[in-house]
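So the sequence lines, in the order shown, correspond to chains A and B.
Its first residue numbered 54, the first sequence is counted upward by one per residue in my numbering.
Its first residue numbered 950, the second sequence is counted upward by one per residue in my numbering.
Quick reminder that beta carbons are idealized off the backbone N, C-alpha and C, glycines included.
Quick caveat, the model's predicted, so the values are computed rather than measured.
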Amino acid sequence: MPPGVLLKIARTHLLARKRQTAIASLGVTFGIGTFVILVSFMTGLNGLLDGLILNRTPHIRIYNEIKPSETQPIQNSEKYKNSLHVIHSIKPKQSKISIYNNQPLIAALKKDPRVKGITPVVGARVFYVSGAIQLNGNLFGVDVQEQTRLFNFGDYITKGKSENLANNENGIIIGAGVAKKLSLNLNDYVQVISTTGQKMRLKIVAFFQSGLADIDNMQSYVNIKTSQRIQGMPRDFITDIHVKLWDINHAVGMAAEIRNKFQLNAVDIIAANAQFETGTKIRNMITYAVSITLLIVAGFGIYNILNMLIFQKMNDIAILKATGFSGKDVRRIFLYQAMMIGIIGGIIGLIIGYTGSVAISKSPFETEALPTIHYFPVNFDPKFYVIGTVFAMLTTFFAGLMPARKASKVDPVEILRGQ
Amino acid sequence: MDIVLSAKDINKHFFDPIDNHVLKDVSLQINRGEFVSIMGKSGCGKSTLLYILSTMDTNYEGNVELHHQNLRGLKNTELAAIRNKRIGFVFQFHYLLPEFSVLDNVMLPALRLGEKDKDEIEHDAMEKLKMLDISETAKKLATRISGGQKQRVAIARSLINDPDIIMGDEPTGNLDSKNSDVVFDIFRNISSGKKQSILVVTHDLDFAKRTDRIIEMADGRIIH
Ligand SMILES: Nc1ncnc2c1ncn2[C@@H]1O[C@H](COP(=O)(O)OP(=O)(O)O)[C@@H](O)[C@H]1O
Ligand SMILES: [Mg+2]
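Next comes the structure, spelled out in structure tokens:
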């Protein structure tokens, strides 16, 4: 038998009660619309926060730490093995230390298929001087192009252009907070003094603002060479290596490998940002819990209206059965009705969800902490629209199941005799 | 003689509220092309018998054979298919689907059967409506026509799949004598084609007298 006739009956029943159908559909519309808006906004927010921390943070940071000496020099002497050690707390020489012999490490990392890219970093403690004001801070020598490619450095440039640093050994990208404290502007010069007393005059080619005051009030970026020169260090002097992986999940394992193989410190992003995942998970849970609740409410609406419809349509069911429609056919008619309500409500819900999301994404959202963000973040992943549709179909199907089964069990004799 | 429908030793009880033996050892046979009426006092079990013969009620003792096929043990979907293809049913209270047009009401059982395409079915349905002289109502909503017209639509619907037998439970009970005569003539015409049988419950003696045979019931038994 062609299902067309069952669809035709289902459609006719619904069209004959447009108001009830509209109300039932509205429930689904509300559920799906809310789901799409909520999930788009929430994941948009997650994405933003991810961007804030995960995208700009190296997946693995490798550095050589100054540790308290584990063995004192005197312990190396056989002669005084059983004597009292008077000089027992010799401390390491206090300085930023290089990752020694870093060429094999960099070569190995570059060859590793898990690695998307690496940037060597040369850190330096400095004073910024402008006129009479002095300010201490951190200078980072970086490859600005790689920094932009791997860590979205460009997102945090608020004035000027990061590319201007690329071939300018006398340029500096200065933290917005530093610039403010020193009342400096683009193209001004700032004097930088290293802890060893070297001085350099650097031209401000750009401002950067990360949104974290601690960083913006201290940090500046220069070329690798510039940083090495101001510290009087040779060209192989590198304090950090920042690694970006293709898949963040490899970070923990790889950091351990590096620690074992190269005797260096390697901190992975997951260890550094453990609380982060938890927040994302909880936001997702809230989104889905709210949406599912709304859909269940919508489902009860459909259940109610179908029950009412079946009560009104007892005669029709009896006639259909008397003229040869089976219980199965009748059940399908009412399931189709539930699904039609779901489809109509779902489609409108998706449209409303999309419109709402667009509206949110166009709403201004200005915050000091996020200088490059001007509107609320919204994630327009088509996946959510698919999930919404599946949700709507499932809810309406299950809401229709019981009433439909009840309709299929109607005894035509009982109804026909009743007249 | 070609027997279309036969019932043997049908017994039917209702247990609600107390044991009520409604049909007692009812046996009957309907031949191909025969026009038979059932008469009897109200409450003697005529409707109950008709529901059993039309496969809608399966809760009885005894055997019903349609075209020598025993109905006992068939699944609900199989019985529905038999009702759809082989049996036409006309009720006292016309029973049309109120939200559908007259034409749709007639077409639905054929659409359910699905043996012909939609255009063919529509053509057949129009033919039946023409035969019953109500083709001008085809596009009207089923609730927008008169009682006599409704009953004719119901008859057209019962005929749409060319069933072997058409059953009617007091199909003229609600009609004036003029419309009763029209319905009688329609049944007469159908049965005189010698292919389709008619079994009609009626209280109208004039109507019954003009049929081929009267089955008389009293108190759950066939007495004549
Ligand atoms: N569902 C039922 N439950 C109990 N008794 C019933 C039921 N349906 C019919 N009866 C009884 O069965 C008897 C026959 O009813 P019915 O077949 O409708 O008679 P008729 O059609 O000849 O007027 C009546 O006594 C009626 O009260
Ligand atoms: Mg009766």
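Between the Cα of residue i and those of the options, spot the shortest distance and give me the residue it belongs to.
{"i": "THR449/A", "options": "ILE394/A, MET271/A, THR376/A and LYS212/A", "result": "ILE394/A"}
{"i": "ILE143/A", "options": "LYS134/A, GLN128/A and SER151/A", "result": "GLN128/A"}
{"i": "LEU235/A", "options": "ILE257/A, VAL463/A and SER215/A", "result": "ILE257/A"}
{"i": "ALA232/A", "options": "MET271/A, GLY406/A and LEU447/A", "result": "MET271/A"}
{"i": "GLY97/A", "options": "PHE437/A, MET446/A, VAL431/A and PRO435/A", "result": "VAL431/A"}
{"i": "HIS962/B", "options": "ILE1163/B, ASN1138/B, VAL971/B and LEU954/B", "result": "VAL971/B"}
{"i": "PRO111/A", "options": "MET286/A, VAL439/A, ILE294/A and THR408/A", "result": "ILE294/A"}
{"i": "LYS1088/B", "options": "ARG1021/B, GLY1096/B, ASP1113/B and MET1056/B", "result": "MET1056/B"}
{"i": "ILE401/A", "options": "SER280/A, ALA445/A and SER130/A", "result": "ALA445/A"}
{"i": "ARG981/B", "options": "PHE964/B, ASP951/B and ASP1118/B", "result": "ASP951/B"}
What are the start and end residues of the alpha helix (DSSP H) that includes residue i?
{"i": "THR96/A", "result": "71-103"}
{"i": "VAL439/A", "result": "435-461"}
{"i": "ILE404/A", "result": "380-414"}
{"i": "LEU373/A", "result": "367-375"}
{"i": "SER280/A", "result": "277-283"}
{"i": "ASP464/A", "result": "Careful: ASP464/A lies outside any alpha helix (DSSP H) and carries neither H nor E."}
{"i": "ASN1054/B", "result": "1051-1062"}
{"i": "LYS214/A", "result": "Looking at the DSSP string, LYS214/A is not in any alpha helix (DSSP H), and its letter there is neither H nor E."}
Would a check of beta-carbon distances place residue i closer than 8 Å to chain B?
{"i": "ILE386/A", "result": "no"}
{"i": "ILE372/A", "result": "yes"}
{"i": "ALA69/A", "result": "yes"}
{"i": "THR376/A", "result": "yes"}
{"i": "SER379/A", "result": "yes"}
{"i": "ARG72/A", "result": "no"}
{"i": "VAL58/A", "result": "yes"}
{"i": "VAL466/A", "result": "yes"}
{"i": "THR65/A", "result": "yes"}
{"i": "LEU362/A", "result": "no"}
{"i": "ARG470/A", "result": "yes"}
My output table needs one value for residue i: the three-state DSSP class, helix, strand or coil.
{"i": "TYR242/A", "result": "strand"}
{"i": "ILE1164/B", "result": "strand"}
{"i": "ASP968/B", "result": "coil"}
{"i": "TYR356/A", "result": "helix"}
{"i": "LYS256/A", "result": "strand"}
{"i": "GLN272/A", "result": "strand"}
{"i": "VAL431/A", "result": "coil"}
{"i": "PRO417/A", "result": "strand"}
{"i": "ILE226/A", "result": "strand"}
{"i": "THR340/A", "result": "helix"}
{"i": "SER263/A", "result": "coil"}
{"i": "ILE1172/B", "result": "coil"}
{"i": "ALA219/A", "result": "coil"}
{"i": "ASN1033/B", "result": "helix"}
{"i": "ARG477/A", "result": "Coverage of chain A is limited to positions 54 through 472, which leaves residue 477/A absent and any answer about it impossible."}
{"i": "ILE291/A", "result": "coil"}
{"i": "ILE979/B", "result": "strand"}
{"i": "LEU362/A", "result": "helix"}
{"i": "LEU235/A", "result": "coil"}
Of all Cβ atoms in chain A, is any one closer than 8 Å to the Cβ of residue i?
{"i": "ARG1106/B", "result": "yes"}
{"i": "LEU1046/B", "result": "yes"}
{"i": "TYR1000/B", "result": "yes"}
{"i": "ASP968/B", "result": "no"}
{"i": "THR1026/B", "result": "yes"}
{"i": "ALA1029/B", "result": "yes"}
{"i": "ASP1006/B", "result": "yes"}
{"i": "PHE963/B", "result": "no"}
{"i": "ARG1032/B", "result": "yes"}
{"i": "SER1146/B", "result": "no"}
{"i": "ARG1061/B", "result": "yes"}
{"i": "SER991/B", "result": "no"}
{"i": "SER996/B", "result": "yes"}
{"i": "PHE1040/B", "result": "yes"}
{"i": "LEU1057/B", "result": "yes"}
For the beta strand (DSSP E) holding residue i, just list the boundary residues, first then last.
{"i": "ARG312/A", "result": "No beta strand (DSSP E) holds ARG312/A; the alpha helix (DSSP H) holding it covers 304-315."}
{"i": "GLY1037/B", "result": "1036-1039"}
{"i": "ILE322/A", "result": "Unbroken run through ILE322/A is the alpha helix (DSSP H), 322-325; no beta strand (DSSP E)."}
{"i": "PHE963/B", "result": "952-963"}
Between residue i and chain C, is the shortest Cβ-Cβ distance under 8 Å, so that the two count as touching?
{"i": "ALA351/A", "result": "Note that chain C does not occur in the displayed structure, where the protein chains are A and B."}
Where in the stretch 985-1028 of chain B do unbroken runs of the alpha helix (DSSP H), each at least 4 residues long, occur, reported from the N-terminal end onward?
995-1002
So within the stretch 1111-1151 of chain B, which uninterrupted beta strand (DSSP E) runs reach at least 3 residues, ignoring any that extend past its ends?
1114-1118 and 1146-1150
Taking only runs that begin and end inside the stretch 1066-1117 of chain B, name each unbroken alpha helix (DSSP H) of 4 or more residues, in chain order.
1067-1080 and 1096-1108
What runs of the beta strand (DSSP E), each 3 residues or longer, lie entirely inside the stretch 125-211 of chain A?
168-183 and 186-195
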